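For the sequence shown, full-length UniProt numbering gives the first residue as 1, with consecutive numbering after it. Every residue gets a Cβ at the ideal spot worked out from N, C-alpha and C, and that includes glycine. Treat the numbers as computed from the prediction; the structure is a model and nothing was measured. Inspection log for the structure reproduced underneath, given as structure tokens.
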Amino acid sequence: MRDLLNELNNSQRAAVEYCDGAQLVIAGAGSGKTRVLTYKIAYLLQRGMKPWSVLALTFTNKAAREMKERIGGIVGTDVARQLNMGTFHSIFSRILRIESASIGYNANYTIYDETDSRTLIKNIIKGMGLDDKKYKPATVHNLISMAKNHLITADDYANDAAAIERDQEARMPAVASIYRSYEAHLRQSNAMDFDDLLLNTYVLFRDHEDIRQKYAQHYSYILVDEYQDTNIAQQAIISQLSTQYNRVCVVGDDYQSIYSFRGANIDNILDFQKKFPGAKLFKLERNYRSTQRIVEAANSLMKHNQRQIKKDVYSDEAEGDKIVYRPAYSDKEEAAIVAKEIRKIKKAENGQYSDFAILYRTNAQSRSFEEEFRKDGIPYKIYGGLSFYQRKEIKDIIAYLRVVANPDDDQALLRIINYPARGIGNTTIQKITVAAENGETSMWQVIRRPGFYGLNVNKGTLTKLDGFATLIEGFLAKTKNTDIYALGKDIVKISGISADLYSSRDAEHISRQENLEELLSGMQAFVDQNREEGREDEIFISDYLADVSLLTDQDSDDDNDTVTMMTIHAAKGLEFPTVFVVGLEENIFPSPMAINSSSGLEEERRLLYVAITRAERHCILTNAQNRFRYGTMQFDVPSRFIADIDKNLINCQDGTDNDTTTDKGIAGYGGRMPWDRKRRSWETGPRLDNRYQNSQPVADRFMADPKLKVTHPRKPEKPVQTFYKVETKSGELKVGSIIEHERFGVGTITQLEGKGENTKATVDFRNLGRKQLLLKFARFKII
Ligand code: ATP
Ligand code: MG
Numbered sequence: 001m002r003d004l005l006n007e008l009n010n011s012q013r014a015a016v017e018y019c020d021g022a023q024l025v026i027a028g029a030g031s032g033k034t035r036v037l038t039y040k041i042a043y044l045l046q047r048g049m050k051p052w053s054v055l056a057l058t059f060t061n062k063a064a065r066e067m068k069e070r071i072g073g074i075v076g077t078d079v080a081r082q083l084n085m086g087t088f089h090s091i092f093s094r095i096l097r098i099e100s101a102s103i104g105y106n107a108n109y110t111i112y113d114e115t116d117s118r119t120l121i122k123n124i125i126k127g128m129g130l131d132d133k134k135y136k137p138a139t140v141h142n143l144i145s146m147a148k149n150h151l152i153t154a155d156d157y158a159n160d161a162a163a164i165e166r167d168q169e170a171r172m173p174a175v176a177s178i179y180r181s182y183e184a185h186l187r188q189s190n191a192m193d194f195d196d197l198l199l200n201t202y203v204l205f206r207d208h209e210d211i212r213q214k215y216a217q218h219y220s221y222i223l224v225d226e227y228q229d230t231n232i233a234q235q236a237i238i239s240q241l242s243t244q245y246n247r248v249c250v251v252g253d254d255y256q257s258i259y260s261f262r263g264a265n266i267d268n269i270l271d272f273q274k275k276f277p278g279a280k281l282f283k284l285e286r287n288y289r290s291t292q293r294i295v296e297a298a299n300s301l302m303k304h305n306q307r308q309i310k311k312d313v314y315s316d317e318a319e320g321d322k323i324v325y326r327p328a329y330s331d332k333e334e335a336a337i338v339a340k341e342i343r344k345i346k347k348a349e350n351g352q353y354s355d356f357a358i359l360y361r362t363n364a365q366s367r368s369f370e371e372e373f374r375k376d377g378i379p380y381k382i383y384g385g386l387s388f389y390q391r392k393e394i395k396d397i398i399a400y401l402r403v404v405a406n407p408d409d410d411q412a413l414l415r416i417i418n419y420p421a422r423g424i425g426n427t428t429i430q431k432i433t434v435a436a437e438n439g440e441t442s443m444w445q446v447i448r449r450p451g452f453y454g455l456n457v458n459k460g461t462l463t464k465l466d467g468f469a470t471l472i473e474g475f476l477a478k479t480k481n482t483d484i485y486a487l488g489k490d491i492v493k494i495s496g497i498s499a500d501l502y503s504s505r506d507a508e509h510i511s512r513q514e515n516l517e518e519l520l521s522g523m524q525a526f527v528d529q530n531r532e533e534g535r536e537d538e539i540f541i542s543d544y545l546a547d548v549s550l551l552t553d554q555d556s557d558d559d560n561d562t563v564t565m566m567t568i569h570a571a572k573g574l575e576f577p578t579v580f581v582v583g584l585e586e587n588i589f590p591s592p593m594a595i596n597s598s599s600g601l602e603e604e605r606r607l608l609y610v611a612i613t614r615a616e617r618h619c620i621l622t623n624a625q626n627r628f629r630y631g632t633m634q635f636d637v638p639s640r641f642i643a644d645i646d647k648n649l650i651n652c653q654d655g656t657d658n659d660t661t662t663d664k665g666i667a668g669y670g671g672r673m674p675w676d677r678k679r680r681s682w683e684t685g686p687r688l689d690n691r692y693q694n695s696q697p698v699a700d701r702f703m704a705d706p707k708l709k710v711t712h713p714r715k716p717e718k719p720v721q722t723f724y725k726v727e728t729k730s731g732e733l734k735v736g737s738i739i740e741h742e743r744f745g746v747g748t749i750t751q752l753e754g755k756g757e758n759t760k761a762t763v764d765f766r767n768l769g770r771k772q773l774l775l776k777f778a779r780f781k782i783i
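And the structure:
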């Protein structure tokens, strides 16, 4: 038997060996928290614990898969396969399927994604005659989602004084009624949204003691990764499940708490020992992932946050390079610099494209990199954004499957009732909706029994509806003796989708056809996998659909050699030899939505900590002085966070081959370095933010400095455009002049043609290569 404990350091080993009760492992990035979980599970299995009695909860499916693979490597894949390991949502959705009857659902319930939820809320708002400018569906959905994450049901909400007061203040007194109606609609459609998967699990265990006990006895050990990002509902369910054995092991890092906007509650970590009395605290301090300077730079950044558990993280790896800061003139140049750097490092270290990650604050930032990489032939893969399963053609086919799995699923039915076009128009759909509403039933029931529900449409329409019902019933009949792949193929063919998609060979259609093929291959893979694992007979469409709806951003994986592009949120738990953190500008990072509160700003700073600590050997920060946004060129100043990093651990490089590196900035960048900027008084003065006063005692127990100091939120920077004006007369220019261009950066003039206004200059730019500029339009200055 492999000696697992030997592959761990002393503190990690202690955490793995401790099995006498609840435990909290709190440690900085890269210190082996996930490794402790993995090894602990393998250790438990080696000592005879049954795999199905282990419940391991992760943040993404990918993390679960990786952990399973590692454990499989130690104890054998057969054993690892039987572990209850997955995301909160996928594990709980399975429990809810089994226990659905106890909470008034059918086992084939569908899971509404964000779009489904928003559309439904939008329709409810309209139906109630409310103004959807005042009641923005996204805002209302957010409020409902937050409520659910705080375990506040629709009934609770209507009686919640705080919620009522807040909604009244926001001039949205009807949120409680919308929430109620939303719930009713979900139930009629036999559907749950993402938050329901948690809330309903909680309610199930709360109201059915026998069921709760059954699961509490079943799970001998509960382990949770990334505990800092759990919300109140998740925490409560873990409590419900751990009463029997009190064997809970959670690992997390308060420095990496980055999901409070989705209801994650950092107090879950800070309060852990209160919720689980006697819980033992373990700390890991050695970082195995990154070089010393990366770890120190990340630590120095976090010194600027106040509310956190004090940690000393160090690295025994090589000292390594300093963090590099590469300011660019424009987003275009920023992308070119990153591309150039990737090629340079890849060559120098004989590496692969998959060694590189580009992390950004928001999905939209990927565009300039995509353009540059396509031009340069650098293979890349974007995680998140419009994920595969969000594309129209995919959603259409999935909607058919959803209706076949659960015909009461109104949102799916709405999507396909007239796609491909079968002459069922909006008026008819409206009438069906109203009849369903009045009959307190789903649209499908109305379509099947239009007379019974008093649907008032003409004969021609009735025939069309009947045709649609027959189509769906045909698929329903097939579900009994066919697999998901065969069913998918049938749907595509018989519904007329393939005729629609294959009607043309233009680029748009071809791309959609490829997606369709990809979806079918995915179905085939799903069937094969379950066959291989001997579960063929137990698998239903709803299992496939649950899998698909619960896919998280980074799950659609393949092992090609590509550069990874993703948001920092999606990069949690991952590691790469080289990491670029791009777009470090005020107005982007920190996000403008976060800068008005110190808690918001601290969360943004933690986000940068997460980004930097993904890097093993190289961490490069970039930004652009000019960026095309909202249709115009915007002038941005460097992110305030750059100046938070210890000056001795960060270098500015200007991107020439003979990199001039100083700590103070270099020719052409004078005054642009964030630390050259004078701090305003309101940026430095400590002030107690009274929002924190309530939680102060809890935080105190962990903090070295018990005086809670929180700096006052800084005022947003006012953009000042000082740099670029067309102030140059062509006469001043000659071959050899060095210019600084607004978007292309620094370059040397190699040729001048023409006269006066119409002079054309050929310029060799440092990062963007050779370009021709017509002087009368060019925005640059001589340096
Ligand atoms: P994060 O906070 O980013 O999730 P983490 O604390 O979960 O990080 P891991 O991902 O478990 O850290 O570990 C970081 C890296 O260090 C991994 O590559 C892991 O294999 C390696 N590592 C951790 N502990 C050891 C050890 N004792 N010996 C060798 N390698 C280790
Ligand atoms: Mg981890």
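Open item on the list: Using only CA atoms, which one of I237, R617, M302, I394 lies nearest to H89?
Closed with: Its Cα nearest to that of H89, the residue I237 stands out among I237, R617, M302, I394.
Task: Under 9 Å between C-beta atoms of T762 and I782 - done: Not a contact, by the Cβ cut-off of 9 Å.
TODO: List the whole-angstrom C-beta distance separating D113 from K122, where the pair is believed to meet the contact cut-off of C-beta under 8 Å.
DONE: That belief does not hold up - the Cβ atoms of D113 and K122 are roughly 14 Å apart, past 8 Å.
Open item on the list: Would you say the beta carbon of E226 is closer than 8 Å to some non-hydrogen atom of the ligand MG?
Closed with: Yes, the Cβ of E226 comes within 8 Å of a heavy atom of the ligand MG.
- [ ] Mind listing, in chain order, the continuous beta strand (DSSP E) runs of no fewer than 3 residues lying wholly within the segment 364–397?
- [x] Within the segment 364–397, the complete beta strand (DSSP E) runs of at least 3 residues are 380–382.
Open item on the list: Let me check one thing: in DSSP terms, what residues is Y112 bridge-paired to?
Closed with: The partner list for Y112 (beta bridge, DSSP) reads D193.
Open item on the list: On a Cα-Cα basis, can you pick out the residue from K464, L550, D409 that is closest to G86?
Closed with: Ranking the options by Cα distance to G86, first place goes to L550.
Open item on the list: So, with DSSP's three-state summary, where would you put H741?
Closed with: H741: strand per DSSP, three-state reduction.
Task: Reference I178; option with closest CA among R505, K126, S189 - done: Of the listed residues, the one whose Cα sits closest to I178 is K126.
Open item on the list: Using the three-state DSSP reduction, which class does N651 fall into: helix, strand or coil?
Closed with: Strand.
Open item on the list: Quick check for students: name the residue ranges of the beta strand (DSSP E) that lie wholly in the segment 556–610, counting only runs of 3 or more.
Closed with: Fully enclosed beta strand (DSSP E) runs of 3 or longer: 563–567, 576–581.
Open item on the list: Quick check: I398 and V251, are their CB atoms within less than 9 Å of each other?
Closed with: Contact flag unset, no.
Open item on the list: Below 8 Å, is the gap between the Cβ of G573 and the nearest heavy atom of the ligand MG?
Closed with: Answer for G573: yes, Cβ within range of the ligand MG.
- [ ] Whole angstroms is fine: what's the gap from E209's alpha carbon to Y227's?
- [x] When rounded, the distance between both Cα atoms is 26 Å.
Task: Collapsed DSSP secondary structure at D20 in the structure displayed - done: Three-state result, D20: coil.
- [ ] Closer than 7 Å by C-beta to D331: which residues in its own chain qualify, once you throw out the five before and the five after it? Chain order, please.
- [x] Cβ neighbours of D331 beyond the five flanking positions: S368, A624, R627, F628.
Open item on the list: For the ligand ATP, I want to know if Q529 counts as a neighbour, meaning its beta carbon is within less than 8 Å of at least one of the ligand's heavy atoms.
Closed with: Distances taken from the Cβ of Q529 to the heavy atoms of the ligand ATP include none shorter than 8 Å.
Task: Residues near P137 by beta carbon distance below 7 Å, same chain, minus five either side - done: Cβ neighbours of P137 beyond the five flanking positions: R118, I121, K122, I125.
- [ ] Pull up the CB-CB distance for V563 and F373, whole angstroms please, since I reckon it's below 8 Å.
- [x] Sure, about 7 Å apart at Cβ, within 8 Å.
Task: Assigned secondary structure, I417 (DSSP; H/G/I helix, E/B strand, else coil) - done: It is coil, neither helix nor strand.
Open item on the list: Distance check for L130 and N106, CA to CA, integer angstroms please.
Closed with: Straight through space, the alpha carbons of L130 and N106 are spaced by roughly 32 Å.
Task: Contact belief for D229 with I258 at Cβ below 8 Å, rounded distance in angstroms - done: The C-beta distance from D229 to I258 rounds to 7 Å, short enough to fall under 8 Å.
Open item on the list: Would I568 and S639 be called neighbours here (beta carbons separated by less than 9 Å)?
Closed with: The answer is no: Cβ separation not under 9 Å.
Task: When F765, G769, T759 are compared against F777, the one with the closest alpha-carbon - done: Minimum Cα distance to F777 is reached at T759.
Task: N363 to T115 span [Cα, whole Å] - done: Near 17 Å, if we compare the C-alpha coordinates of T115 and N363.
Open item on the list: Using the Cβ count rule (16 or more neighbours within 10 Å means buried), how would you classify T428?
Closed with: Flag for T428 reads buried.
TODO: Tell me whether the beta-carbon of M49 lies closer than 9 Å to the beta-carbon of Y221.
DONE: In this structure, M49 places its C-beta atom within 9 Å of the C-beta atom of Y221.
TODO: Give the secondary structure of G756 by DSSP, where H, G and I count as helix, E and B as strand, and everything else as coil.
DONE: Here G756 sits in helix by DSSP.
Task: Three-state secondary structure assigned by DSSP to I232 - done: In the structure shown, I232 falls within a helical segment according to DSSP collapsed to helix, strand and coil.
- [ ] Compute the minimum distance between the beta carbon of Q12 and the heavy atoms of the ligand ATP, and state whether it is under 8 Å.
- [x] Q12 Cβ: within cutoff of the ligand ATP.
Open item on the list: Is there a Cβ of chain D sitting closer than 9 Å to that of L413, yes or no?
Closed with: In the structure shown, chain D does not exist; there is a single protein chain.
TODO: Using three-state DSSP, classify P719 as helix, strand or coil.
DONE: With a pLDDT of only 39 at P719, under the threshold of 50, the placement of this residue in the model should not be trusted, and no figure is reported.
Open item on the list: If I follow the unbroken alpha helix (DSSP H) through T470, where does it start and stop?
Closed with: That run of the alpha helix (DSSP H) goes 459–478.
Open item on the list: Measuring straight from C-alpha to C-alpha, what distance separates K280 and Q240?
Closed with: Between K280 and Q240, the C-alpha separation is close to 19 Å.
TODO: Flag this pair as yes or no: are the beta carbons of T479 and A412 separated by less than 9 Å?
DONE: For T479 and A412, no; Cβs fall outside 9 Å.
TODO: Whole angstroms is fine: what's the gap from L37's alpha carbon to I738's?
DONE: In this structure, the straight-line span from the alpha carbon of L37 to that of I738 is close to 57 Å.
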